[in-house]
Structures are given as C-alpha cells and as structure tokens.
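Peer 1: Here's a structure for you.
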Amino acid sequence: MLLMIFAILVGIAFAVIGIKQGFFVIWSTLFNISIAVYLGVMVTPWIIGMVANNLVSYYHCAVCVLIVGITVFTLLQVVTSVFFTGTYDVSFPRFFENIAGALVGFLSGYLVCTFLFFVIGITPLSSGDMVTGFFGERGFAASGSPPMVTVCDIVGAVSLQGYKGVAEEITGKLSYPGGSALYDPHAMQAAPATEDEGNSGYIRDLEYD
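Residue numbers (my numbering): 1 to 209.
Next up, the structure:
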C-alpha cells in the first residue's frame, strides 16, 4: 500500500510536469519510457544467458534491466528531442493540453516508479527482514511486476511481437524468490509457437526445463 501511494504521488508530480511541458512532449517521453521498459525486461534473460553459463546472482539481473532501460530511454530521448520535440512545435487546444498532458504525465511517473520497484524486487534486498516488515512480503515485486507485464504486452502487441504470456513468465522468473536462490539463465528455452496459438510462426513462447 505504501509503495502504491508513493507511485501515485510521483505520478501526480509528473502530471504537473506534463501540463507544463505540453501533451506532445510528455507523450513522446511516455513512449520512450515504454520502449525502454519493454526492452529492459524482455532482453535481460537473453543477455544474461549469453554472458553467463552458470547460476548468477539476482543482482546481475537487476543491474542488467536497469542499464538496458536507462540506456534505451536516454538514446530515444535524445533522438526525439533532436528530431521531433525540439524541431516541431505541436500544440492542441488548451483544455486538451491540460487534461491529456496531466494524464500522460501521471502514467509516465507511475511507470517510472513501478519500474524501479520491479528492479528492486529482483534483488535479494527486497526480501530482507526490514524491507518485508515495512513493505510486506514481496512488496516491491507485487507492486512493480503487474505494470511491467501490462506495458510489455501492449508494446509487444503494437509492434506485432505477439508473445503469449511471455512477459508474465519473464517478470515472474526475474522476481527474487527468496532464500539463497540464484538465477538460472538457461531455465527458459524458446520454442516456435503454432498458428493455432494465435501467434505468427516466428513468435515464440517460453518453456521451462
């Protein structure tokens, strides 16, 4: 509950920023955040699997998600600032600017906050006695994972990467299970999906050994 309240407060702060910056600018920011979140979550198992042959600490996974997310967002933000928001001045009626800017700004802040919750939920730190006593058992993972799944599903659908339930599988596997567990980078294997499953032939679902 405390984490959700904090995320809402951050969202409200971003809503104010959205009103000041305007709908076009804050919308491009939300777009960049969404792509960064999608790639940060979805490519981490692949990256860890490429560089590690054995079990690794969940801290490695958290760092990978964070670095990929920040890098992608920074690159996209620079590109959009140079070629779009910094070049074109797109304006809408004031009423629409205020309402849409506030809404998109809120979503941007909420997404950034829950992304950080998700990253913390990957680390063993999230299962410490002090953390669980204050935020509840798996509080960070429970607060951060659902928004990540939703964003990844939306981005995947829009980009025609129709993965069926893969985002939920990945976020669940990345979330720290507790104890002295280590992350197995080779626990998931890609298998071709069939047309009957609602995906095109090159889309793959994840299977566990």
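Note that beta-carbon positions come from the ideal geometry of N, C-alpha and C, so glycine has one too.
These numbers were taken from a predicted model, which means no experiment stands behind them.
1) Secondary structure at residue 43, three-state DSSP: helix, strand or coil?
2) Report the option in 171, 92, 102, 127 whose CA atom is closest to the CA atom of residue 179.
3) Indicate whether residue 3 and residue 175 have their beta-carbon atoms separated by less than 8 Å.
4) With residue 14 as the anchor, note down where its alpha helix (DSSP H) starts and where it stops.
5) Tell me where the alpha helix (DSSP H) around residue 146 begins and ends.
6) Assuming residue 39 and residue 108 are in contact, meaning their beta carbons sit under 8 Å apart, how far apart are those beta carbons, in whole angstroms?
7) Please determine if the segment 160 to 172 and the segment 33 to 49 are in contact, where contact requires at least 3 C-beta pairs separated by less than 8 Å.
8) By Cβ distance, which residues of its chain are closer than 6 Å to residue 17, with the 5 residues on each side in sequence left out?
9) Quick check on DSSP: helix, strand or coil for residue 90?
10) Just how far apart, CA to CA, sit residue 19 and residue 54?
11) Rounding to the nearest angstrom, what Cα-Cα distance links residue 12 and residue 98 in this structure?
12) Helix, strand or coil: which one does DSSP assign to residue 59?
13) Quick one: Cα of residue 10 to Cα of residue 48, how far?
14) Under 6 Å Cβ to Cβ from residue 183, same chain only, skipping five residues before and after it: list those, please.
Peer 2: The answer reads as follows:
1) What you label residue 43 is simply residue 43 of the sequence shown in a count that begins at 1. Residue 43 carries a coil assignment under DSSP once its states are collapsed to helix, strand and coil.
2) As a first step, residue 179 must be located in the sequence shown, where it is residue number 179. For residue 179, the nearest C-alpha among the options comes from 127.
3) On the sequence shown, position 3 is the one that residue 3 refers to. On the sequence shown, position 175 is the one that residue 175 refers to. Annotated as distal: residue 3 and residue 175, with beta-carbon spacing of 8 Å or more.
4) Locating residue 14 in the sequence shown gives position 14, where the first residue counts as 1. Where residue 14 is concerned, the enclosing alpha helix (DSSP H) stretches over 2 to 21.
5) The residue you call residue 146 lines up with position 146 of the sequence shown. Per DSSP, residue 146 belongs to the alpha helix (DSSP H) from 139 to 158.
6) Counting from one through the sequence shown, the residue named residue 39 turns up at place 39. Counting from one through the sequence shown, the residue named residue 108 turns up at place 108. That pair is no contact at about 17 Å.
7) Touching, yes.
8) As a first step, residue 17 is located in the sequence shown; it is residue number 17 there, counting from the start. Once the five neighbours on either side are set aside, the close Cβ partners of residue 17 are 105.
9) Working through the sequence shown from its first residue, we reach residue 90 at position 90. DSSP, reduced to helix, strand and coil, places residue 90 outside both helices and strands of the structure shown, so it counts as coil.
10) In the sequence shown, counting from the first residue as 1, residue 19 sits at position 19. In the sequence shown, counting from the first residue as 1, residue 54 sits at position 54. So the two alpha carbons sit approximately 48 Å from each other.
11) Position 12 of the sequence shown, counted from the first residue, corresponds to residue 12. Position 98 of the sequence shown, counted from the first residue, corresponds to residue 98. C-alpha separation (whole angstroms): 13 Å.
12) Reading the sequence shown from its first residue, position 59 is the one you call residue 59. Residue 59 falls in the helix class under three-state DSSP.
13) Residue numbering aside, residue 10 sits at position 10 when the sequence shown is read from its first letter. Residue numbering aside, residue 48 sits at position 48 when the sequence shown is read from its first letter. Taking the CA atoms as reference points, residue 10 sits about 31 Å from residue 48.
14) Mapped onto the sequence shown, residue 183 falls at position 183. Same-chain partners within the cutoff: 56, 58, 61.
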